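Below is one structure, written out as structure tokens; comments come after it.
Residue numbers (the UniProt record's numbering): 1 to 194.
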């Protein structure tokens, strides 16, 4: 069993949100709470540290009490750049990653991933399929795998996971959802950005 002090939560919030006109999804509010703060509050008691992969408004994160880390590698790399930044800044043996634009997670996500992990971690499979960014990573294995993937100009998270021993953990009856389009925002009760 992993202890909270062994795990860092890494919230991936560095995307461009091009389908939403470039808004910063981290600060989208649902029920009066920003997405990034929602996930910090949800997992804060289960982890020892929280990091946010973010390329905008670092002061806003500081003011909220969060540590943000910008991408270290080139533009257009996508989520691997965020994973690279989080892995580099992570001071614990394990890194739990979630995209900031998830709509919801099951109550026992971290415990389930930790219990079912292989040597290098585990990733979730919900009713929509594999969710490679909802994952628990062994940082000691993740760092060299990321270096090799980036050096080979691989950009798919699934390609990175193929380099590692990660268990696919099926979560029956669970659908995380995401906030990628105006219809997604409407379904989640988020007013259109102005």
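Backbone N, C-alpha and C fix where the C-beta goes; we use that ideal spot for every residue, glycine too. For clarity, every value in this text was computed on a predicted model and none was experimentally measured.
Among the options, which residue has its Cα nearest to the Cα of residue i?
i: residue 89; options: 59, 102, 70, 107; result: 70
i: residue 45; options: 9, 33, 64; result: 9
i: residue 135; options: 148, 115, 153, 151; result: 115
i: residue 153; options: 52, 6, 81, 25; result: 81
i: residue 186; options: 6, 1, 11, 31; result: 31
i: residue 162; options: 50, 87, 141; result: 141
i: residue 5; options: 93, 60, 40; result: 93
i: residue 85; options: 143, 183, 184; result: 143
i: residue 130; options: 138, 168, 98; result: 168
i: residue 56; options: 150, 68, 91; result: 68
Does DSSP classify residue i as helix, strand or coil?
i: residue 92; result: coil
i: residue 134; result: strand
i: residue 196; result: Since the displayed the chain opens at 1 and closes at 194, residue 196 lies outside it and no answer follows.
i: residue 122; result: strand
Cα separation between residue i and residue j?
i: residue 58; j: residue 66; result: 9 Å
i: residue 96; j: residue 132; result: 11 Å
i: residue 124; j: residue 191; result: 29 Å
i: residue 23; j: residue 178; result: 15 Å
i: residue 13; j: residue 7; result: 19 Å
i: residue 35; j: residue 42; result: 11 Å
i: residue 51; j: residue 38; result: 14 Å
i: residue 122; j: residue 138; result: 9 Å
By the DSSP assignment, the beta strand (DSSP E) with residue i in it spans what residues?
i: residue 68; result: 67-69
i: residue 50; result: 49-53
With residue i and residue j assumed to form a contact (beta carbons below 8 Å), what rounded beta-carbon distance in angstroms separates them?
i: residue 158; j: residue 128; result: Contact doesn't hold; Cβ gap of about 15 Å is too wide.
i: residue 25; j: residue 100; result: 5 Å
i: residue 155; j: residue 74; result: With a Cβ gap of about 11 Å, residue 155 and residue 74 do not count as contacting.
i: residue 106; j: residue 2; result: Between residue 2 and residue 106 the Cβ distance is about 18 Å, and since that is not below 8 Å, they are no contact.
Tell me which residue opens and which closes the alpha helix (DSSP H) that residue i is part of.
i: residue 36; result: 35-43
i: residue 159; result: 157-162
i: residue 60; result: 58-64
i: residue 181; result: Careful: residue 181 lies outside any alpha helix (DSSP H) and carries neither H nor E.
Tell me, please, whether the CB atom of residue i is closer than 8 Å to any CB atom in chain C?
i: residue 115; result: Judged by its chain identifiers, the structure shown contains no chain C, having just a single protein chain.
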